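**Student:** Be aware that the sequence shown starts at 63, since it is given in this note's numbering, and climbs by one per residue.
Note that the Cβ used here is the ideal one computed from N, Cα and C, for glycine as well.
Here the structure is a predicted model, which means the values were calculated and not measured.
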Amino acid sequence: MPTPISHAAVGLAIGVWTAPAPPDTRVCVLAAACAALPDIDVLWSSGLPHTSPFAHRALTHSILFAVVATIVITSAVFRQNRARLALPLGLALLSHSCLDALSTYSLGIAFLAPFSEHRFRFPWTPLGRPNGMILSQLAVESLLVLVPALLLAWLGWRIRGRSAVPTPSA
Ligand SMILES: [Zn+2]
63 MPTPISHAAV GLAIGVWTAP APPDTRVCVL AAACAALPDI DVLWSSGLPH TSPFAHRALT
123 HSILFAVVAT IVITSAVFRQ NRARLALPLG LALLSHSCLD ALSTYSLGIA FLAPFSEHRF
183 RFPWTPLGRP NGMILSQLAV ESLLVLVPAL LLAWLGWRIR GRSAVPTPSA
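Encoded structure:
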């Protein structure tokens with residue numbers, strides 16, 4: 063299963079590339095936190111049946127949660143330009159469930175909770191082999207998610223940070 067670090071790295075890359083240029087550090091860090099947020103359900107989901115909307119990878123991994131959390135967080139943190147700043151946070155929240163759906167861990171993602179308890183996963187599930195060793199799983203995850211996300215974030219920071227710097231007139 064993707065670790066919180068990998069989720070946050072993906073959120074960071076999303077923040078860097080989708081926040082208004084030049085990317086604001088606060089927006090990017092918030093996007094990283096939003097990308098890790100859905101796993102907050104591990105605090106209360108132990109022992110719950112997978113059919114419960116409060117089970118792991120259920121309500122907090124749904125599209126509805128991403129929309130509501132985006133509205134709440136954007137309204138609470140930002141005073142101006144909320145519609146534009148909601149984009150990186152919303153995409154970061156959605157990225158969590160999409161990344162989880164690339165893994166074989168658990169029964170899948172309840173994208174449509176609380177309206178449906180059906181669990182989804184993508185046809186390609188390179189993350190988390192059921193009987194794989196944890197170190198090899200982490201290596202695969204680093205190769206497919208963590209390192210590319212960090213490289214994309216770094217590249218976006220270089221390119222988009224520079225793009226807003228006014229060029230000296232001749
Ligand atoms: Zn998750």
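#1: Tell me whether residue 108 sits in a helix, a strand or coil according to DSSP, three-state version.
#2: Who sits around ligand 1, taking every residue whose Cβ is closer than 6 Å to one of its heavy atoms?
#3: Run through DSSP, which three-state label would residue 127 get?
#4: What number of angstroms, rounded off, separates the C-alpha of residue 212 from the C-alpha of residue 74?
#5: At the level of alpha carbons, what is the spacing between residue 173 and residue 204?
#6: In three-state terms, what does DSSP make of residue 121?
#7: When the cut-off is 8 Å and only beta carbons count, does residue 71 lie next to chain E?
#8: Let me know the secondary structure DSSP gives residue 189 once reduced to three states.
#9: In angstroms, rounded to a whole number, what distance separates the CA positions of residue 223 and residue 141?
#10: Can you give me the C-alpha to C-alpha distance between residue 129 and residue 152, rounded to a whole angstrom?
#11: So, at 8 Å on beta carbons, what are the nonlocal neighbours of residue 156 in its own chain, with the 5 sequence-adjacent residues on each side left out?
#12: I'd like the span of the alpha helix (DSSP H) that includes residue 158, first residue to last.
**Tutor:** Quick look at the numbers:
#1: Stepping through the sequence shown from its first residue, residue 108 is reached at position 46. Reduced to three states, the DSSP call for residue 108 is coil.
#2: Counting only heavy atoms of ligand 1, the residues whose C-beta sits closer than 6 Å to one of them are, along the chain, 100, 101, 119, 123, 158, 162.
#3: Within the sequence shown, residue 127 is the residue found at index 65, counting from 1. Helix, per DSSP.
#4: On the sequence shown, position 150 is the one that residue 212 refers to. On the sequence shown, position 12 is the one that residue 74 refers to. The alpha-carbon atoms of residue 212 and residue 74 are separated by roughly 8 Å.
#5: As a working note, residue 173 is residue 111 in the sequence shown. As a working note, residue 204 is residue 142 in the sequence shown. Distance between residue 173 and residue 204, taken at the CA atoms: about 25 Å.
#6: Within the sequence shown, numbered from 1, the residue matching residue 121 stands at position 59. It is helical.
#7: Protein chains in the displayed structure number just one, and chain E is not present.
#8: Taking the first residue of the sequence shown as 1, we reach residue 189 at position 127. In the three-state reduction of the DSSP assignment, residue 189 falls in the strand class, which pools E and B.
#9: Here the question's residue 223 lines up with position 161 in the sequence shown. Here the question's residue 141 lines up with position 79 in the sequence shown. Spanning the alpha carbons of residue 223 and residue 141 requires a straight line of approximately 23 Å.
#10: By one-based count along the sequence shown, residue 129 stands at place 67. By one-based count along the sequence shown, residue 152 stands at place 90. Taking the straight line joining both Cα atoms gives about 7 Å.
#11: As a working note, residue 156 is residue 94 in the sequence shown. The answer, listed in chain order, is 125, 128.
#12: For the purposes of this step, residue 158 is identified with residue 96 of the sequence shown, where counting begins at 1. 144–162 is the span of the alpha helix (DSSP H), which, as asked, contains residue 158.
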